[in-house]
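Protein chains in written order, with our numbering: chain A, 123 to 238; chain B, 32 to 145. Every residue, glycine too, gets a C-beta built ideally from N, C-alpha and C.
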Amino acid sequence: DTGVSQDPRHKITKRGQNVTFRCDPISEHNRLYWYRQTLGQGPEFLTYFQNEAQLEKSRLLSDRFSAERPKGSFSTLEIQRTEQGDSAMYLCASRPQSLWNTGELFFGEGSRLTVL
Amino acid sequence: DAKTTQPNSMESNEEEPVHLPCNHSTISGTDYIHWYRQLPSQGPEYVIHGLTSNVNNRMASLAIAEDRKSSTLILHRATLRDAAVYYCILRALNSGGSNYKLTFGKGTLLTVNP
């Protein structure tokens with residue numbers, strides 16, 4: 123499968139615990155995005171990387187959240203001291219940097235977090 | 032950011048055409064119109080996009096009003112697999128990666144009846 127891969131698909135944790143999600147983008151896609159989706163809502167932008175550089179962060183990304191993409195390939199999203207309000211689907215997406223505007227952002231299937 | 036307005040839900044019968052409307056009255060001249068859909072328990076999937084002219088691809092057609100203040104996604108023959116939430120999104124034209132911090136609304140939940 124050459125699509126965007128996310129792991130784990132499901133995570134149940136207790137409030138106060140730390141969790142980490144991993145995203146493997148499509149090979150050679152140098153742009154990587156994280157979104158969060160709560161029940162009944164559309165996805166909301168969190169942050170994006172171009173290669174290993176984190177170029178933009180949403181105000182939604184509180185200081186308990188940190189995202190990295192150390193080698194410009196896979197990315198991790200860590201949430202420290204989880205709260206019940208962090209329960210959501212965390213979506214990763216990627217696209218190539220290209221002069222041709224194909225318009226497409228490729229999403230993974232998401233990692234669903236439940237905080238008890 | 033320019034906003035879009037879509038009906039909360041629509042219903043269709045299998046093998047019939049579906050027209051999903053989207054209003055975007057504050058669209059700027061350099062905003063692309065994108066459509067994504069999200070099947071249950073999956074990430075969003077790109078459907079189609081356009082700027083001014085109508086567009087066709089293997090999944091759907093996009094009809095853009097002459098004044099660009101509205102558009103319609105057309106599924107020519109709905110199947111049960113087309114049941115999903117459909118999002119209409121405006122994306123600013125620029126060469127940077129930040130123009131893909133897409134702003135999703137709640138979209139339109141399409142139900143397809145057998």
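I need the straight-line Cα distance from residue i to residue j, nearest angstrom please.
i	j	result
A109/B	V143/B	7 Å
A94/B	D62/B	15 Å
G164/A	G74/B	11 Å
V237/A	T198/A	19 Å
K132/B	Y67/B	14 Å
R153/A	S233/A	19 Å
L140/B	N87/B	22 Å
Q172/A	A91/B	31 Å
V78/B	E226/A	8 Å
F196/A	R144/A	7 Å
T142/A	L177/A	20 Å
K179/A	Y170/A	7 Å
H80/B	T204/A	37 Å
D98/B	I64/B	13 Å
Pull up the DSSP beta-bridge partners for residue i, would you.
i	result
H151/A	Note: H151/A sits in no beta bridge, so no partner.
L93/B	V86/B and L104/B
S233/A	Y212/A
E226/A	For E226/A, which the question treats as bridged, DSSP gives no partner whatsoever.
I64/B	G81/B and L121/B
H50/B	I105/B
T139/B	Y117/B
Could you give the C-beta distance for residue i and residue j, rounded to a whole number, given that I count them as a contact under 8 Å?
i	j	result
S59/B	K100/B	The pair is not a contact, with the Cβ atoms about 11 Å apart (cut-off 8 Å).
K133/A	L235/A	5 Å
P145/B	E45/B	5 Å
C119/B	Q37/B	5 Å
In chain B, which residues lie less than 8 Å from residue i when you measure between Cβ atoms?
i	result
Y212/A	Neighbours of Y212/A on chain B: none; closest Cβ ~10 Å, over 8 Å.
Strictly below 7 Å CB to CB, what residues from chain A border residue i?
i	result
P75/B	P165 and F229
What residues of chain A sit near residue i, judged by a beta carbon separation below 9 Å?
i	result
Y118/B	G164 and P165
G14/B	Examination of residue 14/B is not possible in this model, given that chain B is present from 32 through 145 alone.
Do residue i and residue j have their C-beta atoms within less than 7 Å of each other?
i	j	result
L51/B	L104/B	yes
L182/A	L168/A	yes
G194/A	Q128/A	no
R186/A	Q202/A	yes
A215/A	Q159/A	no
T35/B	G136/B	yes
S184/A	E200/A	no
R191/A	E166/A	no
Output, in chain order, the set of chain B residues within a Cβ distance shorter than 9 Å of residue i.
i	result
G232/A	S72, Q73 and G74
Residues of chain B with a CB under 7 Å from the CB of residue i: which are they?
i	result
E226/A	Y77
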